[in-house]
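Everything below concerns the one structure shown next.
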Amino acid sequence: MIALDAPSRERVDAAITAALSRLEQRSARLGDGAAALGAATRAAAADGKRLRPALLVAAFRAFDGDADRQPGVWDVAAALELLHTAFVVHDDLIDGDVERRGAPTVGGRFRIRARDYGADARQAAAVGDAAAVLAGDLLLFEASRLVATAAIDEGARAAMFDLLDEAMLVSAAGELADVEHAARADCPGTDALLSAAHDKTATYSFEAPLLAGAILAGAPDAARQPLAAAAADLGLAFQLVDDLIGTFGTRRQAGRAPGADLREAKRTPLIALARDTASWPQVSSALAVAHTGPIAVRRAQRELEASGARDDLVALVTDRLRRARGHAASPELPAAAVTLLATVAAAIEGRIP
């Protein structure tokens with residue numbers, strides 16, 4: 550995917566470090582538990598890919614943004630990274646994950662801490678869950694605080710808060726829908742699952758950063774509509790590719806054991822597409838035992854491929870990328886923005902496993 554250049558990465562990382570160092574220092578005065586929470590919160594935001602800041606900065610430059618006039622652009626970019634980190638921390642809690650990419654999550658760290666001071670398994674889980682809730686909340690506030698204190702025009706600040714407000718609400722709705730879909734006795738329809746996939750990711754990961762960068766650069770209103778439309782399609786395509794990676798990707802691509810989504814019985818658009826095929830009985834049978842191990846996972850993968858669902862989902866990704874490129878062709882967008890959107894679309898396409 551698109552990445553920050555080294556100088557921009559330094560500026561964004563410096564803003565993130567300053568915000569979380571402040572939090573860590575203040576937490577240290579409140580006792581050992583609070584100090585541990587501050588340290589865990591800071592660790593959760595370390596060494597990420599910085600996709601959202603990269604999209605914001607790229608859009609800012611594509612619309613001829615001047616960082617000398619809007620020096621707070623780095624703080625806003627950092628705020629979107631902290632928003633993402635907050636969602637990841639809460640998502641780990643919702644999914645019951647105690648590790649992410651081989652390292653303990655916030656909840657995992659506090660389970661270990663609780664066991665070290667004598668808590669039993671139930672108590673340790675309760676402590677870990679509480680810490681994850683609180684760390685995510687602190688990160689959400691830090692994201693808002695960065696926008697509130699950023700050195701940007703007041704009109705732009707109001708627009709940034711509108712974007713942040715929408716991103717938080719839509720993402721929360723998408724996460725809840727995802728959880729409820731998994732709990733239903735019946736499998737939700739493809740449209741419902743596509744809507745949840747969009748809401749979980751597209752608004753805060755693509756629409757908010759691209760629009761934030763454009764607004765901070767002073768992009769006219771006429772340019773924002775096609776940019777937002779392209780961003781929405783790119784965001785959904787990105788999430789659908791993530792679903793493909795979670796089902797068919799390698800350990801390197803997914804950052805965890807292959808077929809994790811199958812083992813966790815996630816209700817994704819891929820599963821809904823398979824349900825609409827004549828092969829659903831075989832797919833359903835394979836999915837029912839996918840949690841038992843790698844051989845069962847591989848069988849489920851084969852059945853999904855044989856059903857045609859994988860090809861159908863790739864076709865959906867291709868269609869969303871086609872739509873995004875169509876929106877990007879708007880005459881209201883500068884050439885640099887068209888190039889940026891084309892680059893992002895190509896990067897998403899290149900992630901398909």
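Just so we're aligned: 642 in my numbering is position 93 of the sequence shown, and the numbers increase by one with no gaps anywhere. Each residue gets a CB set at the ideal place from its N, CA and C atoms; glycine is no exception.
First and last residue of the uninterrupted alpha helix (DSSP H) at M717: Where M717 is concerned, the enclosing alpha helix (DSSP H) starts and stops at 703-732.
Cβ-based neighbour list, A700, same chain, cut-off 8 Å, excluding 5 preceding and 5 following: Excluding residues within five positions, the ones whose Cβ falls inside 8 Å are Q619, P620, G621, D624.
Backbone secondary structure at R812 - three-state DSSP: In the structure shown, R812 sits in a helix (DSSP, three-state: H, G or I).
G857 versus V866: straight-line alpha-carbon distance, rounded: The C-alpha of G857 lies about 14 Å from the C-alpha of V866.
Residue range of the alpha helix (DSSP H) that includes K749: Per DSSP, K749 belongs to the alpha helix (DSSP H) from 739-751.
Every unbroken alpha helix (DSSP H) inside the stretch 832-886 [4 residues or more]: Counting whole runs of 4 or more residues, the stretch 832-886 contains the alpha helix (DSSP H) stretches 843-856, 858-877.
Buried or exposed (CB count within 10 angstroms, at least 16 for buried), R560: Classification of R560: buried, given that the 10 Å Cβ count is 16 or more.
Residue closest to G762, alpha-carbon to alpha-carbon, out of A886, A589, L632: Of the listed residues, the one whose Cα sits closest to G762 is A886.
Under 8 Å between C-beta atoms of A891 and R869: Cβ atoms of A891 and R869: not closer than 8 Å.
Residue burial classification, T752 (beta-carbon count within 10 angstroms, cutoff 16): Classification for T752: buried.
Unbroken alpha helix (DSSP H) run spanning G677, endpoints: Taken as a continuous stretch (DSSP letters only), the alpha helix (DSSP H) holding G677 covers 670-698.
Straight-line Cα distance separating A681 from G582: Computed Cα separation, rounded: 13 Å.
Cβ distance (whole Å) where H747 is taken to contact G784 below 8 Å: Yes, they are in contact, since the Cβ atoms of H747 and G784 sit about 7 Å apart, within 8 Å.
Euclidean distance between Cα positions of F609 and T750: Each residue's alpha carbon lies about 21 Å from the other.
Among T566, A603, L819, R575, nearest to D554 - alpha-carbon criterion: Comparing Cα-Cα distances from D554 to each of T566, A603, L819, R575, the minimum goes to A603.
Contact between the stretch 808-823 and the stretch 835-848 (3+ Cβ pairs under 8 Å): Yes: at least three Cβ pairs fall under 8 Å.
Counterpart residues of E648 in DSSP-defined beta bridges: The partner list for E648 (beta bridge, DSSP) reads P653.
Check whether P818 and L743 have beta carbons under 8 Å apart: Taking 8 Å as the Cβ cut-off, P818 and L743 qualify as a contacting pair.
Residue range of the alpha helix (DSSP H) that includes L765: 757-765 is the span of the alpha helix (DSSP H), which, as asked, contains L765.
Three-state secondary structure assigned by DSSP to S828: Coil at S828, not helix or strand.
Chain-order list of residues whose beta-carbon lies under 6 Å from that of G685 (same chain, five-residue window excluded): Shown here for G685: same chain residues with a beta carbon closer than 6 Å to its own, the five before and five after excluded, namely A635, V638, H639 in chain order.
Cβ pair E648, A594 closer than 8 Å: No, the pair does not count as a contact, with Cβ atoms beyond the cut-off.
Outcome for D791 when other beta-carbon atoms lying within 10 angstroms are tallied against a minimum of 16: Its Cβ being crowded by 16 or more others within 10 Å, D791 is buried.
D646 versus P775, L569, R805, P902, residue with shortest Cα-Cα distance: Measuring from the Cα of D646, the nearest candidate turns out to be R805.
Close Cβ partners of R599 (< 7 Å) along its chain, the five nearest in sequence each way excluded: In its chain, beyond the 5 residues on either side, L553, R558, V561, E630 have a beta carbon closer than 7 Å to the beta carbon of R599.
Span separating the alpha-carbon of A786 from that of A741: One C-alpha to the other measures close to 15 Å.
With 16 other Cβ atoms within 10 Å as the buried cut-off, status of P769: The residue is exposed, with fewer than 16 neighbouring Cβ atoms inside 10 Å.
Euclidean distance between Cα positions of I551 and A884: Rounded to the nearest angstrom, the two C-alpha atoms are 17 Å apart.
C-beta contact flag for S754 and R575 at 8 Å: Contact flag unset, no.
Three-state secondary structure assigned by DSSP to D782: Judged by DSSP in its simplified three-state form, D782 adopts helix.
Cα-Cα separation, V606 to A716: For V606 and A716, the distance between alpha carbons rounds to 18 Å.
Cβ separation of A821 and P737, assumed to be a contact under 8 Å, to the nearest whole Å: Sure, about 7 Å apart at Cβ, within 8 Å.
Proximal residues to D950 (C-beta, below 8 Å), its chain only, five neighbours per side dropped: This structure cannot speak to residue 950, because the chain is shown only from 550 to 902.
Buried or exposed by the 16-neighbour rule on C-beta atoms within 10 Å, applied to R671: Answer is exposed; the Cβ neighbour count stays below 16.
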